[in-house]
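Numbering (our numbering), first residue to last: 709 to 1180. A virtual CB, placed ideally from N, CA and C, is assigned to each residue, including glycine. It should be emphasised that the depicted structure is a prediction, and the values quoted were computed from it without experimental measurement.
See the structure below:
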């Protein structure tokens, strides 16, 4: 049964306070990912590290971020989203504080890749679940406004980082980001659930694993018969096999692994993981692409990054209003955003003129917002609400696998070819794979749905005509 069918969703009220709180959390934490190149690449270069090392740190960060999905689903079910989000903010701040004292590249792996990555992995799904419980028809707009907070951070934080780097050095710049991330705790205080959360049985699962069938209470003769039958069956099997089976069943229930039986779900999570990997890699190389390939100074580079973020913010606020009004499916909007990112990268690879770069920066921000907003929304539209936490966790894990494999390959391509343009073309290939895989499937499902609707309408008309004849 759908968990939220028994709840009244007001589509507003305190939900907008939750949206504002999530926007604060995103502004001070999620936006830190966008300044990795600006904040850390220069320090890594002074350590004589190459792009491969930068890609490794970024990809391990994404690996920790996304493989936190192993724990985030059961954690959200067992604890309040408020507690999970607050824990994430503390981990992000602690990881950045460790990075400020780094003297070797592996220090960044511990601080940024592990602590910051795991903390951000706890923040994203917990804040989405908090919003999801307060909205239904206005969910797209609510998610767009909350993610606009990260966009505001992407506009402001590059200039804050540049100021601290130019005037106070690397260590104080990272410590400033560490202190800023702690302000997300203020937002986490307001993540009040709409209703008391549905009690999940993860802890009971663990207790049941340690119990034997004789230790479980029997409350009716029917249960006695069932237990006796199960005892006879288990007598013919080794106890270890029975325990492994029960543990496997509990694991499947706790993590909602039955979603993996759905081929469409696989297509969704793998496609979104490829787009996510291309986006992470582009965010890392974009400042160096502008500075080295296009020959722009640091001020213009920061301006272009702010243009991307500004267009992203505007579209995060406006795009959900348009798509909700037109009732365009979330997955279709995500596909259109992917196609737009493909086109923008293609133009950037072919032209380094400043006016073209600014125009493509605007387009990049617009299309990025389409993919970011509709990422979790696509999962929520495909999964039942009681399976949503597990679906988000599985999606995160698929991103982690692809980032550490395909993402690291993109870093190797950049180092081997010594060309940012060829690296852009490698990203284009990933985006093209998603477009070619999703477009036929979505079109086929649209045609089938339209045909089913037409047949239903014809059946209704025929039934109405027969009733009219009988009445006459």
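- Assigned with DSSP and collapsed to three states, residue 783 falls in helix.
- At least 8 Å separates the beta-carbon of residue 1060 from that of residue 1145.
- Annotated three-state conformation of residue 1102 is helix, per DSSP.
- Measuring C-alpha to C-alpha distances from residue 1092 to each of 774, 1019, 989, 973 identifies 973 as the nearest.
- Remark: C-beta atoms of residue 792 and residue 805 do not approach each other more closely than 8 Å.
- The region 767 to 776 makes no contact with the region 843 to 859; the number of CB pairs closer than 8 Å stays below 3.
- Under the criterion of beta carbons closer than 8 Å, residue 831 and residue 746 do not qualify as touching, at roughly 21 Å.
- Three or more beta-carbon pairs separated by less than 8 Å are not found between the region 1034 to 1044 and the region 1117 to 1125, which leaves the two stretches without contact.
- Here residue 1104 is not near residue 834, since their CB atoms are 8 Å or more apart.
- Approximately 6 Å separates the beta-carbon atoms of residue 735 and residue 858; this is inside 8 Å, confirming the contact.
- Cβ neighbours of residue 796 within its own chain (closer than 6 Å, five residues either side excluded): 827, 830, 831.
- Note on residue 1159: under 16 other CB atoms within 10 angstroms of its CB, so exposed under the neighbour-count rule.
- Distances from the alpha-carbon of residue 1100 to those of 881, 981, 762, 787 put 981 closest.
- Residue environment analysis places residue 1063 among the exposed positions, since fewer than 16 neighbouring C-beta atoms fall within 10 angstroms of its C-beta.
- Below 8 Å, enough C-beta pairs join the region 1010 to 1030 and the region 861 to 869 to call them touching: three or more.
- The criterion of a C-beta distance shorter than 8 Å is satisfied by residue 986 and residue 1135.
- For residue 996, the enclosing alpha helix (DSSP H) starts and ends at 971 to 996.
- In terms of Cα proximity to residue 1109, the closest of 978, 753, 971 is 978.
- Here residue 725 is exposed: its Cβ has fewer than 16 other Cβ atoms, across all protein chains shown, within 10 Å.
- Excluding sequence positions up to five before and after residue 1054, its CB lies within less than 7 Å of the CB of 1136, all in the same chain and listed in chain order.
- If you check the CB distance, residue 1150 and residue 1022 do not come in under 8 Å.
- For residue 1115, no alpha helix (DSSP H) run applies, since DSSP gives it neither H nor E.
- The closest CA to that of residue 966, considering only 892, 1097, 733, 810, is found on 1097.
- For residue 751, the enclosing alpha helix (DSSP H) begins and ends at 750 to 754.
- Residue 975 and residue 871 have their alpha carbons spaced roughly 43 Å apart.
- For residue 983, the closest C-alpha among the options 785, 836, 1070, 1077 is that of 1077.
- Per DSSP, reduced to three states, the secondary structure at residue 744 is helical.
- Secondary structure at residue 877: coil, using DSSP grouped into helix, strand and coil.
- Taking all protein chains shown into account, residue 1130 has fewer than 16 neighbouring C-beta atoms within 10 Å of its C-beta and is therefore exposed.
- In the three-state scheme derived from DSSP, where H, G and I count as helix and E and B as strand, residue 1149 is classed as helix.
- Within the region 764 to 843, the complete alpha helix (DSSP H) segments of 4 residues or longer fall at 777 to 786, 789 to 807, 813 to 816, 825 to 840, listed in chain order.
- The alpha-carbon of residue 1088 is positioned some 40 Å away from that of residue 880.
- Within the region 1032 to 1076, the complete alpha helix (DSSP H) runs of at least 4 residues fall at 1038 to 1058.
- Scanning its chain for C-beta atoms nearer than 8 Å, with the 5 sequence neighbours on each side dropped, one finds around residue 1143 the residues 1043, 1046, 1047, 1050, in chain order.
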